[in-house]
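Asks:
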Amino acid sequence: MPNFEKLKTNAQKLVTPGKGILAADESLGTIGKRFDQIAVENNHDNRIAYRGLLFNCPSLENFISGVITFDETFRDEVDGKRLVQPLLDRDIQVWIKVDIGVKAINDLGETVTQGLDNLDVRMAEYAKMGATFAKWRGVLKIDIPKALPSEFAIEQNAQALARYAKICQDHGVVPIVEPEVLMDGDHTIEQAKKVTSRVITITYKALSDHGVYLPGTLLKPNMVRSGVDAGTEFDAQAIARFTVECLQESLPVAVPGVVFLSGGMSEAQATQALDAMNRLVAKKPWALSFSYGRALQASCLKAYLGKVKNVEIASKVLLDRAHLNSLATLGKYEASHENNPDALADLFQKNYSY
Ligand code: 13P
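For the record, in the sequence shown the residue sitting at position 250 is 1047 according to this note's numbering, with numbers rising by one throughout.
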């Protein structure tokens, strides 16, 4: 029987005001694409060096409550010490990504996430190794002329997320529930809201049907915005309004927090949109925070370039970005705080995988 009080307390702790999550759980393929951008070879030593930079970043605990890792990183050791130990030493929760990627379920390009078959066994091991949080990402794509996402894909992904969430809680692990609606496409913000609202509604209905304890979960959704090919200007206020309305329609108040993914927005845009949401005067019974991958790491990687001599400056870049996002969770970020032109770089990649 899970300890419900503990699940609830842990989930709440993660979304303490002023703190958010660093997603550093890129699969072997995805981290390779990141390293390509800075001409660094994708080998184990280089992955350890880069993640070591992130995890040893001084003062990170002031703005970051958790870090999501990939299986390899979760197990990595340097000189007999776990690579994630500097995080644990500072009471930063270490998460484990437990899905193993997506697989096509029809010829329309829709997918469902894999990894349920032996999840119970893997979760028992992760829990024994100290994991208190896990992540599973479902991916849905909007294509209005083709009526996508289909109800079938929404339902299949919701069922997988719900089964995963139940297995997590059975092992005392808080599930982060991530049904991502991609920003690929030319859809309007209104269409994105309708789809995202439907996806969250069906996902939380499935969680409820599977007997998942909702106060012991966190939602990691996309923000509601128009498609990247819609030709509309970025508008943080519109994103904030539509996203909060979408959550009001679809997310139970029992869920303690929402930790958004950045989805391909630039670092500055992801921070601005989060800040606008936290400034918005509206009914918001959940903490609204961040769980960014690209939008926390992009400038840091550029500053690092795979060189030991750049570790200090790259750590500072990461800390500054985390600080700005921390301010955004409090609705206290100002555009004048942006002093790194790299933060404006577009981070969108078509059909993104993690
Ligand atoms: P991005 O913030 O780069 O979208 O990634 C977050 C994440 O964890 C996706 O699963």
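Note that the Cβ used here is the ideal one computed from N, Cα and C, for glycine as well.
Contact between the region 1017-1026 and the region 971-989: three or more CB pairs below 8 Å?
Replies: Verdict: yes, contact present.
Asks: The ligand 13P heavy atoms versus the CB of ASP917: any closer than 7 Å?
Replies: By 1-based counting over the sequence shown, the position of residue 917 is 120. Not so, every heavy atom of the ligand 13P lies at least 7 Å from the Cβ.
Asks: What does PHE1087 pair with, by DSSP beta-bridge criteria?
Replies: Taking the first residue of the sequence shown as position 1, residue 1087 is located at position 290. PHE1057, per the DSSP bridge assignment.
Asks: Within its chain, find whatever has a CB closer than 8 Å to the CB of LEU1011; leave out the 5 residues flanking it on each side and keep chain order.
Replies: Here residue 1011 corresponds to residue number 214 of the sequence shown, with the count starting at 1. Hits under 8 Å: TYR1001, LEU1004, SER1005, PRO1049, ALA1051, VAL1052.
Asks: With LYS990 as the anchor, note down where its alpha helix (DSSP H) starts and where it stops.
Replies: In the sequence shown, the residue the question calls residue 990 occupies position 193. Start and end: 986-1006.
Asks: Does the region 890-903 come into contact with the region 805-822, if we say contact requires no fewer than three beta-carbon pairs (one atom in each stretch) closer than 8 Å?
Replies: Short answer: they touch.
Asks: Can you tell me whether ASP842 is helix, strand or coil according to DSSP?
Replies: The residue given as residue 842 occupies position 45 in the sequence shown. Here ASP842 sits in helix by DSSP.
Asks: Among residues of its own chain, excluding the 5 on either side of ILE766, which ones have a beta-carbon nearer than 6 Å to its beta-carbon?
Replies: Outside the modelled stretch of the chain, which goes from 798 to 1151, sits residue 766, for which no answer is possible.
Asks: Excluding the 5 residues flanking ASP967 on each side, which residues of the same chain have their C-beta closer than 7 Å to its C-beta?
Replies: Taking the first residue of the sequence shown as 1, we reach residue 967 at position 170. Around ASP967: PRO799.
Asks: With 16 other CB atoms within 10 Å as the buried threshold, where does GLN911 fall?
Replies: Within the sequence shown, residue 911 is the residue found at index 114, counting from 1. Classification of GLN911: exposed, given that the 10 Å Cβ count is below 16.
Asks: Run the proximity test for ALA1037: is its beta-carbon closer than 7 Å to any non-hydrogen atom belonging to the ligand 13P?
Replies: Counting from one through the sequence shown, the residue named residue 1037 turns up at place 240. No, the beta carbon of ALA1037 sits no closer than 7 Å to any heavy atom of the ligand 13P.
Asks: According to DSSP, is GLN890 helix, strand or coil?
Replies: Position 93 of the sequence shown, counting from 1, holds the residue named residue 890. If DSSP states are grouped into helix, strand and coil, GLN890 belongs with the strands.
Asks: Do you know whose CA, among CYS854, HIS841, ALA846, THR866, lies nearest SER1088's CA?
Replies: Locating residue 1088 in the sequence shown gives position 291, where the first residue counts as 1. Among CYS854, HIS841, ALA846, THR866, the Cα nearest to that of SER1088 belongs to THR866.
Asks: Closest by CA to GLY849, which one among ILE835, GLU858, THR870, LYS830?
Replies: Position 52 of the sequence shown holds residue 849. Nearest of ILE835, GLU858, THR870, LYS830 to GLY849, Cα basis: THR870.
Asks: With DSSP as the reference, identify every bridge partner of THR908, one or two as the case may be.
Replies: For this step, residue 908 is matched to residue 111 along the sequence shown. Note: THR908 sits in a beta bridge opposite ALA901.
Asks: Less than 7 Å between the CB of LEU1058 and some heavy atom of the ligand 13P, yes or no?
Replies: The residue labelled residue 1058 in the question sits at position 261 within the sequence shown. Flag set: Cβ of LEU1058 near the ligand 13P.
Asks: Give me, in chain order, the residues of the same chain whose beta-carbon lies closer than 7 Å to that of THR998; leave out the 5 immediate sequence neighbours on both sides.
Replies: The residue labelled residue 998 in the question sits at position 201 within the sequence shown. Around THR998: SER1047.
Asks: Compare the C-alpha of ASP914 against each of LYS925, TYR961, THR929 and name the closest.
Replies: Your numbering for residue 914 matches position 117 in the sequence shown. Among LYS925, TYR961, THR929, the Cα nearest to that of ASP914 belongs to TYR961.
Asks: Using a Cβ-Cβ cut-off of 6 Å (strictly less than) and excluding sequence neighbours within five positions of CYS1097, which residues of its own chain qualify?
Replies: What you label residue 1097 is simply residue 300 of the sequence shown in a count that begins at 1. These residues qualify, in order along the chain: ALA1111, VAL1114, LEU1115.
Asks: I need the straight-line Cα distance from LEU1044 to LEU1071, nearest angstrom please.
Replies: Position 247 of the sequence shown holds residue 1044. Position 274 of the sequence shown holds residue 1071. Spanning the two alpha carbons is a distance of roughly 14 Å.
Asks: Specify, as a first and last residue, the run of the beta strand (DSSP E) that PRO972 falls within.
Replies: Taking the first residue of the sequence shown as position 1, residue 972 is located at position 175. Segment 971-978, the beta strand (DSSP E) holding PRO972.
Asks: By how many angstroms is the C-alpha of PHE801 removed from the C-alpha of ARG1038?
Replies: One-based indexing of the sequence shown puts residue 1038 at position 241. One-based indexing of the sequence shown puts residue 801 at position 4. Cα to Cα, the separation comes out at about 33 Å.
Asks: For VAL936, which residues does DSSP report across the bridge?
Replies: Numbered from 1 along the sequence shown, position 139 holds the residue referred to as residue 936. Beta-bridge pairing links VAL936 to GLU977.
Asks: Should the region 1102-1109 be regarded as contacting the region 1117-1126, the criterion being three or more beta carbon pairs within less than 8 Å?
Replies: The region 1102-1109, when compared against the region 1117-1126, does not touch it at the 8 Å Cβ threshold.
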